[in-house]
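Residue numbering for the sequence shown follows this note's numbering, starting at 96 and increasing by one per position.
Every residue, glycine too, gets a C-beta built ideally from N, C-alpha and C.
Since the structure comes first, as structure tokens, the remarks are kept for the end.
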Amino acid sequence: QQFSAGTFGRHGSLTRQDGGLELPGSFVTRKRGQVDEGGWFAETNWVFGPLQLQGGVRRSRFDSRLAQDSYASTAWQQDGDDTGNWVGRAAELGATLKLAKEHTLFASLSRHFRGPNIDELAFASDDLHPQQGRTTEAGWRFEPGPRVQLSLTGFEIVSRDEIYYGIDPATLMSYNRNYQSRTRRAGGEAGLKLVPLKDVVLRLSAGYVKPRFVGDDSGDIPLVPRTTLTAELDWAVRGDMGLLLSVRRTGSRRDGLDDGTMERLPAYTVCDLGWRWKWKQAEFSAGIRNLFDRSYSTLGYFQTYYPMPGRNWTASASWKF
Numbered sequence: 096q097q098f099s100a101g102t103f104g105r106h107g108s109l110t111r112q113d114g115g116l117e118l119p120g121s122f123v124t125r126k127r128g129q130v131d132e133g134g135w136f137a138e139t140n141w142v143f144g145p146l147q148l149q150g151g152v153r154r155s156r157f158d159s160r161l162a163q164d165s166y167a168s169t170a171w172q173q174d175g176d177d178t179g180n181w182v183g184r185a186a187e188l189g190a191t192l193k194l195a196k197e198h199t200l201f202a203s204l205s206r207h208f209r210g211p212n213i214d215e216l217a218f219a220s221d222d223l224h225p226q227q228g229r230t231t232e233a234g235w236r237f238e239p240g241p242r243v244q245l246s247l248t249g250f251e252i253v254s255r256d257e258i259y260y261g262i263d264p265a266t267l268m269s270y271n272r273n274y275q276s277r278t279r280r281a282g283g284e285a286g287l288k289l290v291p292l293k294d295v296v297l298r299l300s301a302g303y304v305k306p307r308f309v310g311d312d313s314g315d316i317p318l319v320p321r322t323t324l325t326a327e328l329d330w331a332v333r334g335d336m337g338l339l340l341s342v343r344r345t346g347s348r349r350d351g352l353d354d355g356t357m358e359r360l361p362a363y364t365v366c367d368l369g370w371r372w373k374w375k376q377a378e379f380s381a382g383i384r385n386l387f388d389r390s391y392s393t394l395g396y397f398q399t400y401y402p403m404p405g406r407n408w409t410a411s412a413s414w415k416f
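Here it is in structure tokens:
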């Protein structure tokens, strides 16, 4: 049996200004936002022969503040100040049952909670509030030997008050808002792991999800793709050094403000390359994301697309005491 518990805290702040102070007579506004979240969590794991049970709970308090200012003559003046306070509770229960040497069944049920982040609050409707929901998952894993593993998983995610960017019917302006209808994502994923050589691991996965509004067959939830394909090649060049090449293919998705007449955001394929090296208690890693500098977008509103980063580099180092 295992048990762990802890606390966490997060803080974020943002200032957004519209207009320039250097232009005489221009109307300048500013938003100042702050988000604080803190809470505790507990996790446990129990093993009863072939049966393994996992459980966890999390409680968090979410506080937000958004001030709106305008620049008058020679100084800023505050026009409004909105605050929000919420308490979120999340829980998860999972089970894994090993039926035989090759077969394993697993299932989990969880309840989740997410408050708006600082960027969402900076351009939010007056009544924006956290979203919450539940996730159900079940699957089967087959391992006929040390070089092959196959898994099949089915899932359902139902959310209430999901946060999105859309048009407010009262003002005809676009803000970060909450969906009035519940959302449902139901689908599955198939995974395959192969070890063709001693130092080479190949991972393949394919996923499909049907994103819909509960009780509404008008179309998919905007900005949610139905299909995903992923391939990873992990090569241990030597005991302390490795390379990872990954390729992911994501299907098309509806425009974020689609009224039924707009083109879908196109599918895209992106490759990443990573390198890692361990030396005594130190670990170093570096990577190239979007290796072939592909142009693609995951967000689009009224056919105005927001591009994702082109080719970029990352590096990190850590030391264990």
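Residue closest to residue i, alpha-carbon to alpha-carbon, out of the options
{"i": "residue 361", "options": "379, 340, 393, 368", "result": "393"}
{"i": "residue 169", "options": "351, 139, 123, 281", "result": "123"}
{"i": "residue 346", "options": "318, 338, 357, 187", "result": "318"}
{"i": "residue 44", "options": "378, 231, 355", "result": "The displayed coordinates of the chain run from 96 to 416. Any statement about residue 44 would go beyond what the structure contains."}
{"i": "residue 45", "options": "171, 216, 142", "result": "Nothing can be reported for residue 45, as the shown portion of the chain is limited to 96 through 416."}
{"i": "residue 205", "options": "251, 181, 191, 220", "result": "251"}
{"i": "residue 107", "options": "140, 214, 277", "result": "214"}
{"i": "residue 342", "options": "389, 254, 208", "result": "389"}
{"i": "residue 353", "options": "262, 304, 414", "result": "262"}
{"i": "residue 340", "options": "315, 325, 369", "result": "369"}
{"i": "residue 326", "options": "171, 312, 288", "result": "288"}
{"i": "residue 192", "options": "209, 147, 172", "result": "147"}
{"i": "residue 140", "options": "125, 245, 98", "result": "98"}
{"i": "residue 173", "options": "125, 277, 292, 266", "result": "125"}
{"i": "residue 411", "options": "400, 399, 391, 372", "result": "372"}
{"i": "residue 416", "options": "267, 375, 357", "result": "375"}
{"i": "residue 461", "options": "103, 357, 409", "result": "No information on residue 461 is available, as it lies outside the stretch 96 to 416 that the chain covers here."}
{"i": "residue 207", "options": "196, 398, 245, 257", "result": "257"}
{"i": "residue 135", "options": "105, 330, 244", "result": "105"}
{"i": "residue 244", "options": "398, 300, 96, 399", "result": "300"}
Residues near residue i by beta carbon distance below 6 Å, same chain, minus five either side
{"i": "residue 364", "result": "344"}
{"i": "residue 290", "result": "242, 296"}
{"i": "residue 323", "result": "302, 345"}
{"i": "residue 189", "result": "149, 203"}
{"i": "residue 413", "result": "378"}
{"i": "residue 220", "result": "263, 270, 272"}
{"i": "residue 177", "result": "161"}
{"i": "residue 138", "result": "99, 151"}
{"i": "residue 307", "result": "279"}
{"i": "residue 357", "result": "350, 398"}
{"i": "residue 102", "result": "135"}
Contact belief for residue i with residue j at Cβ below 8 Å, rounded distance in angstroms
{"i": "residue 285", "j": "residue 247", "result": "6 Å"}
{"i": "residue 162", "j": "residue 127", "result": "5 Å"}
{"i": "residue 305", "j": "residue 337", "result": "Contact flag wrong, Cβ pair sits at about 37 Å."}
{"i": "residue 249", "j": "residue 234", "result": "7 Å"}
{"i": "residue 396", "j": "residue 259", "result": "Residue 396 to residue 259, Cβ: 11 Å. No contact."}
{"i": "residue 210", "j": "residue 181", "result": "6 Å"}
{"i": "residue 330", "j": "residue 367", "result": "Not quite, the Cβ-Cβ distance comes to about 14 Å (not below 8 Å), so this is no contact."}
Cβ neighbour criterion (16 or more within 10 Å) applied to residue i
{"i": "residue 145", "result": "exposed"}
{"i": "residue 254", "result": "buried"}
{"i": "residue 332", "result": "exposed"}
{"i": "residue 111", "result": "exposed"}
{"i": "residue 113", "result": "exposed"}
{"i": "residue 309", "result": "exposed"}
{"i": "residue 402", "result": "exposed"}
{"i": "residue 460", "result": "Look at the range of the chain in this structure, 96 to 416, and you will see that residue 460 is not part of it."}
{"i": "residue 355", "result": "exposed"}
{"i": "residue 334", "result": "exposed"}
{"i": "residue 351", "result": "buried"}
Contacting residues, own chain, Cβ-Cβ under 7 Å from residue i (five flanking each side not counted)
{"i": "residue 194", "result": "200"}
{"i": "residue 349", "result": "314, 315, 317, 318, 359"}
Residues of its chain near residue i, where Cβ-Cβ distance is below 8 Å and the 5 sequence neighbours each way are ignored
{"i": "residue 406", "result": "383, 384, 385, 386, 387, 388"}
{"i": "residue 404", "result": "384, 385"}
{"i": "residue 164", "result": "124, 125, 126, 127, 171, 172, 173, 174"}
{"i": "residue 197", "result": "237, 238, 239"}
Proximity test, residue i beta-carbon vs the ligand COA heavy atom, cut-off 7 Å
{"i": "residue 186", "result": "With respect to small molecules bound, the structure shown includes none, and the ligand COA cannot be examined in it."}
| Three or more C-beta pairs below 8 Å linking the stretch 125-136 and the stretch 145-157 | yes
| Touch test, the stretch 212-224 against the stretch 269-280, Cβ-Cβ under 8 Å, three pairs minimum | yes
| said: For the pair the stretch 229-244 and the stretch 167-186, tell me if three or more CB-CB distances fall below 8 Å. | reply: no
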